[in-house]
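J.:
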Amino acid sequence: MDDTILIPRAAQEMLARDSTNRGDRERLALFYILGSVSKLKRMQTRIYDFKERQIIPEVLSQADFSHGERCMLKLAFHLYNGWECPSVRDLFSTFDEDFRTIALKAIAIRFRWSELVFEPEDGA
536 MDDTILIPRA AQEMLARDST NRGDRERLAL FYILGSVSKL KRMQTRIYDF KERQIIPEVL
596 SQADFSHGER CMLKLAFHLY NGWECPSVRD LFSTFDEDFR TIALKAIAIR FRWSELVFEP
656 EDGA
């Protein structure tokens, strides 16, 4: 894996909406996953309460996710606050190549193993 991770615009927008400092690696890992998985990005307000600044774990039982999306969301919650998630073996045997890459990068973000690059604003 490269030593730098590009933080997608969707994750940056979530950081701004939440008034989160870029140094908050727990939320950044959460938002990285939410911003990188299409269905999770579309459902971000059902997954995270931007007013209360907290996850909404009930979404796991209320929404229709694929097995991989559900595992990815559990990993996002785990990186954010230690929420219970499947074992590493179970996670990575479930993920396709794209999800594995997203998961590894989110873990690297959370544990400060990589430099971060934030996408510039349009026109910048």
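The sequence shown begins at 536 in our numbering and counts up by one.
Positions of the beta carbon are idealized from the N, C-alpha and C atoms, including for glycine.
Given the structure is predicted, the values throughout are model-derived calculations rather than measurements.
Kindly list the residues whose CB is nearer than 7 Å to the CB of Ser649, restricted to its own chain and excluding five residues on each side of it in sequence; keep chain order.
T.: Answer for Ser649: Asp538, Thr539, Ile540 and Ala643, listed in chain order.
J.: Rounded to the nearest angstrom, how far is the Cβ of Gln579 from that of Leu569, given a contact under 8 Å?
T.: Yes, they are in contact, since the Cβ atoms of Gln579 and Leu569 sit about 5 Å apart, within 8 Å.
J.: Could you please give me the residues that DSSP links to Ile540 through a beta bridge?
T.: According to DSSP, which records beta bridges pairwise, Ile540 is partnered with Leu651.
J.: Once the 5 residues before and after Ser566 are set aside, which same chain residues still bring their CB inside 7 Å of it?
T.: In the sequence as displayed, the identity of residue 566 is Phe instead of Ser. Only Ala546, Met549 and Leu550 meet the Cβ criterion.
J.: Flag this pair as touching only if the segment 581-597 and the segment 631-647 have three or more C-beta atom pairs under 8 Å; answer yes or no.
T.: Cβ pair count under 8 Å is below three, so no.
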